[in-house]
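Student:
Okay, structure coming up:
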């Protein structure tokens, strides 16, 4: 992997997803997040995109990451509707699922970076819970 770090957008899948974000609605993100509830096993690419979508929801509700990508900031500026509480809860569940039961979690465990990666996801969960 050319891009690999513990941050939400430190991987190629999330970076590619950011390129599509401008065309997506909050409803599209809700559909994406709901995959975490329906999938038997979350592959790494899907997990990365689910976490990226959760970051967009956190930013939309006024709790962006410290260094939110420009695409997130622009998307929030163009989608000024507040997400409903159930969307925030869905995003939290999705991130928790990725953090505890996904191929991405397994990859971080193998790379000895699980603690740092898990901490970044817990930070996202806390921002979503605000």
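Residue numbers (the numbering used here): 38 to 167. Glycine is no exception: its CB is placed at the ideal position from the N, C-alpha and C atoms.
1) DSSP beta-bridge partners for residue 79?
2) If we ignore side chains and look at the alpha-carbon of each, how far apart do residue 201 and residue 145 end up?
3) Where do the N-terminal and C-terminal ends of the alpha helix (DSSP H) with residue 107 fall, by residue?
4) I'd like the span of the alpha helix (DSSP H) that includes residue 157, first residue to last.
5) What residue from 156, 140, 121 and 49 has the CA that sits closest to residue 67's CA?
6) Note down the Cα distance separating residue 41 from residue 154, rounded to an integer number of angstroms.
7) Tell me which residues share the same chain as residue 58 and place their Cβ nearer than 6 Å to its Cβ, disregarding the 5 neighbours each side in the sequence.
8) Using 9 Å as the threshold, is the C-beta distance between residue 91 and residue 148 below it?
9) Out of 141, 135 and 98, which has the shortest C-alpha to C-alpha gap to residue 167?
10) Can you list, in chain order, the residues of its chain whose CB lies under 8 Å from that of residue 165, leaving out five sequence neighbours each side?
Tutor: Inspection of the coordinates gives the following:
1) 139
2) Here the chain comprises residues numbered 38 to 167, so residue 201 is not present and cannot be evaluated.
3) 107 to 115
4) 151 to 166 is the span of the alpha helix (DSSP H), which, as asked, contains residue 157.
5) 121
6) 11 Å
7) 108 and 112
8) No, Cβ-Cβ distance for residue 91 and residue 148 is not below 9 Å.
9) Nearest C-alpha to residue 167: 98.
10) Same-chain partners within the cutoff: 91, 94, 95, 98, 100, 125, 128, 129 and 132.
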